[in-house]
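**Q** Sequential numbering of the sequence shown, starting at 0, is according to numbering that gives the first Met the number 0. Built from N, CA and C at the ideal position, the CB exists for glycine as well. Note that the coordinates shown come from a computational prediction; the quantities given were computed from them, not determined experimentally. Take a look at this one; I'll ask things after.
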Amino acid sequence: MDESPFEDEVPNVGMWRRPGKAEGPITWVKPDLVAQVKYAERTSDGILRAPVFLGLRDDKAARDVGAIEVLEPPSASVNVEADSPLGDIVEQLEQHKGEKLVVEVDGHEIAFSNLNKVFWPAHGEQRPLTKRDLVVYFARVSPYLLPHLRDRPLTLVRFPNGITGGHFYQKHYEQPLPRYVETTWLYSDQNKGDGEYLRANNLATLLWLGQVADIELHTWYSRVNPAGDAEGLPTTFAGSLENMQQSVLNYPDFVVFDLDPYLYSGKEARGEEPELHPEGFAATSQVALWLKAMLDELHLSSFVKTTGRTGLHIYVPIKRTLHYHATHSVSETLARFLAQQHPKEVTVEWAVDKRKGKVFADYNQNVRGKTLASIYSPRVLPWAAVSMPLRWDEVGKVFPTDFTILSAPERLRQVGDLWANILEAKHDLQGLIG
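Given below as structure tokens:
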């Protein structure tokens with residue numbers, strides 16, 4: 000065919016030269032073959048986000064294949080009505096107004112206490128939020144949250160007296176644990192010895208974390224389960240540094256980028272980090288889109304979420320063929336290239352005074368044992384923020400205060416889990432780095 004079969008001009012997506020833009024004659028071919036492709040979403044232009052080629056379908060004719068309008072993501076249909084088991088748990092928590100309550104969850108009894116203790120004081124028009132609100136939030140989002148926590152060592156960030164009281168990080172729980180809480184013994188680089196780490200693998204554990212005032216959930220980027228793309232990697236994590244380095248926990252599922260704006264509103268006290276404000280978040284959103292374009296050029300899927308604070312997290316799902324040292328190198332190389340391309344807007348400088356006026360592209364999170372706030376994790380901010388996944392076409396159009404422990408369940412009901420297929424959108428970085 001000598002002429003384009005398309006009514007409109009083919010969009011010039013990303014930085015690739017597209018048909019119609021190239022020099023010389025173009026030959027168009029008739030689309031007779033049918034391919035099966037998995038993808039995260041369609042853009043407003045009909046372009047596939049994070050496409051994964053699954054193979055050709057010889058059993059399908061091209062004339063029998065058409066676009067399918069997806070009205071609602073399947074994951075948005077989770078039943079939390081009052082007559083469902085999960086709905087019954089939520090109903091008990093909301094209707095019982097006392098400080099103490101015992102709830103049965105999957106055959107386990109959880110004894111809640113101090114349910115009316117204020118965790119987030121009133122903020123603007125938002126009422127004070129209590130431990131009860133935190134536990135109810137965990138229950139409502141559990142069908143979406145638990146798959147992202149599964150099999151990942153967890154760092155607790157506990158605020159026994161709410162966000163205005165003292166807090167502490169806890170990697171090893173020293174007290175006796177409920178029998179439904181799963182744990183993993185692993186060698187700790189920091190402590191030079193073995194420690195028992197928690198894993199939030201079930202609803203009972205998640206609700207119990209609310210009871211012990213674990214407001215923020217921080218998970219590893221690697222998992223203890225090698226099934227799938229890490230078959231054959233050892234699952235002995237304790238005993239020595241060598242055991243840990245050889246184990247599947249040394250092979251992350253993601254390369255991560257932590258984008259933080261160092262643009263100040265002028266209201267910060269001396270020495271304080273920049274507060275959340277529109278100009279700073281807009282700059283971060285633009286940097287995220289530049290990073291997305293670069294990752295697209297490399298044919299790498301990328302997923303974005305608000306940090307819940309001032310910035311954005313970008314996760315690149317990868318096959319578990321590279322250890323943390325390698326993923327750190329990949330992240331550093333890409334972050335430095337991004338800063339070279341946009342030197343006025345982006346920095347990788349470690350010295351805080353050199354970041355001023357720019358967005359800090361932090362690649363140093365790609366280290367074994369380091370963690371970021373999990374997807375859907377509450378944050379210890381006055382408006383009870385949540386780290387919320389976004390569609391890429393939402394970046395620059397939303398603001399972190401849009402997502403709180405009160406509003407997040409309704410968003411999930413409407414759009415489902417935008418990261419539901421993140422582990423199915425992996426690419427092998429081995430070929431990229433040689």
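Here's a check: name, in chain order, each residue in its chain whose Cβ is nearer than 8 Å to the Cβ of Val134, leaving out the five neighbours to either side.
**A** The residues are Leu92, Phe111, Leu114, Leu206, Gly209, Gln210.
**Q** Note down, one range per segment and in chain order, each beta strand (DSSP E) of at least 3 residues found wholly within the stretch 282-322.
**A** You should have 302-305, 311-316.
**Q** Which stretch, first to last residue, makes up the beta strand (DSSP E) that contains Ile214?
**A** Start and end: 213-218.
**Q** Is the separation between the beta-carbon of Asn365 and that of Ser406 shorter than 9 Å?
**A** No; because the gap between Cβ atoms is not below 9 Å, this pair is not in contact.
**Q** For the alpha helix (DSSP H) holding Glu90, just list the boundary residues, first then last.
**A** Taken as a continuous stretch (DSSP letters only), the alpha helix (DSSP H) holding Glu90 covers 84-94.
**Q** Bridge partners of Trp418, per DSSP?
**A** Beta-bridge pairing links Trp418 to no other residue.
**Q** Looking only at its own chain, which residues have a Cβ that is under 8 Å from the Cβ of Asn201, when we skip the five neighbours before and after it?
**A** Excluding sequence neighbours, Asn201 sits near Asp105, Leu145, Tyr179, Glu181.
**Q** What does the Cβ neighbour count give for Pro120, buried or exposed, with the cut at 16 atoms within 10 Å?
**A** Looking at its Cβ environment, which holds fewer than 16 other Cβ atoms inside 10 Å, Pro120 is exposed.
**Q** What residue ranges within the stretch 96-158 form continuous alpha helix (DSSP H) runs of no fewer than 4 residues, ordered along the chain?
**A** Runs found: 130-148.
**Q** Quick one: what's Glu195 bridged to in DSSP?
**A** Per DSSP, Trp184.
**Q** At the level of alpha carbons, what is the spacing between Pro84 and Val102?
**A** C-alpha separation (whole angstroms): 11 Å.
**Q** Could you give the distance in angstroms between the alpha-carbon of Ser373 and the alpha-carbon of Gly97?
**A** Rounded to the nearest angstrom, the two C-alpha atoms are 30 Å apart.
**Q** From which residue to which residue does the beta strand (DSSP E) around Leu248 run?
**A** Element bounds for Leu248: n/a, residue is neither H nor E.
**Q** With DSSP run on the structure shown, which of helix, strand or coil describes Thr234?
**A** If DSSP states are grouped into helix, strand and coil, Thr234 belongs with coil.
**Q** Should Tyr323 go down as buried or exposed, given a rule of 16 or more other Cβ atoms within 10 Å for buried?
**A** Under this definition Tyr323 is a buried residue.
**Q** Cα separation between Pro342 and Leu311?
**A** C-alpha separation (whole angstroms): 19 Å.
**Q** Which of helix, strand or coil does DSSP assign to Asp427?
**A** Looking at Asp427 - three-state DSSP - the assignment turns out to be coil, as it is neither helix nor strand.
**Q** Taking the CB atoms as reference points, tell me whether Trp219 and Pro152 lie closer together than 9 Å.
**A** Against a cut-off of 9 Å, the Cβ pair of Pro152 and Trp219 comes out as a contact.
**Q** Within 10 angstroms of its Cβ, does His147 collect 16 or more other Cβ (buried), or is it exposed?
**A** Result: buried.
**Q** Just tell me which of Asp427, Tyr136, Thr154 has its CA closest to the CA of Phe253.
**A** Ranking the options by Cα distance to Phe253, first place goes to Asp427.
**Q** Can you grab the Cα-Cα spacing for the pair Ala282 / Trp382, in whole Å?
**A** So the alpha carbons of these two residues sit roughly 22 Å apart.
**Q** Rounded to a whole number of angstroms, what is the C-alpha to C-alpha distance between Lys116 and Asp295?
**A** Spanning the two alpha carbons is a distance of roughly 47 Å.
**Q** Closest to Asp257 by C-alpha separation, out of Ala360, Val345, Pro316, Lys191, would be which residue?
**A** Comparing Cα-Cα distances from Asp257 to each of Ala360, Val345, Pro316, Lys191, the minimum goes to Ala360.
**Q** With a threshold of 7 Å on Cβ separation, who are the neighbours of Leu431 within its own chain once the five nearest residues in sequence on each side are excluded?
**A** Answer for Leu431: Leu297, listed in chain order.
**Q** Using C-beta distances below 7 Å, list every residue in its chain close to Leu422, excluding the 5 sequence neighbours before and after it, in chain order.
**A** Counting only Cβ-Cβ distances below 7 Å, and skipping sequence neighbours, we find Asp252, Pro316.
**Q** Between which two residues does the beta strand (DSSP E) carrying Gln169 extend?
**A** Where Gln169 is concerned, the enclosing beta strand (DSSP E) stretches over 167-169.
**Q** Thinking just about the alpha-carbon of each residue, which of Ser221, Ser264, Gly161, Pro260 is nearest to the one in Gln244?
**A** Nearest of Ser221, Ser264, Gly161, Pro260 to Gln244, Cα basis: Ser221.
**Q** Could you give the residue range of the beta strand (DSSP E) that holds Ala203?
**A** Looking at the DSSP string, Ala203 is not in any beta strand (DSSP E); the run it does join, the alpha helix (DSSP H), is 202-210.
**Q** How about Leu262 and Val358: are their beta carbons less than 9 Å apart?
**A** Contact flag set, yes.
**Q** I'd like to know whether the C-beta atoms of Gly307 and Ser386 end up nearer to each other than 9 Å.
**A** Their beta carbons are under 9 Å apart, which means Gly307 touches Ser386 by this criterion.
**Q** With contact counted as at least three CB pairs below 8 Å, one residue from each stretch, are the stretch 400-414 and the stretch 122-138 in contact?
**A** The answer is yes - the stretch 122-138 touches the stretch 400-414, with three or more Cβ pairs under 8 Å.
**Q** Count the C-beta pairs between the stretch 335-351 and the stretch 228-245 that are closer than 8 Å, then say yes if the count reaches three, no if not.
**A** No, they do not touch.
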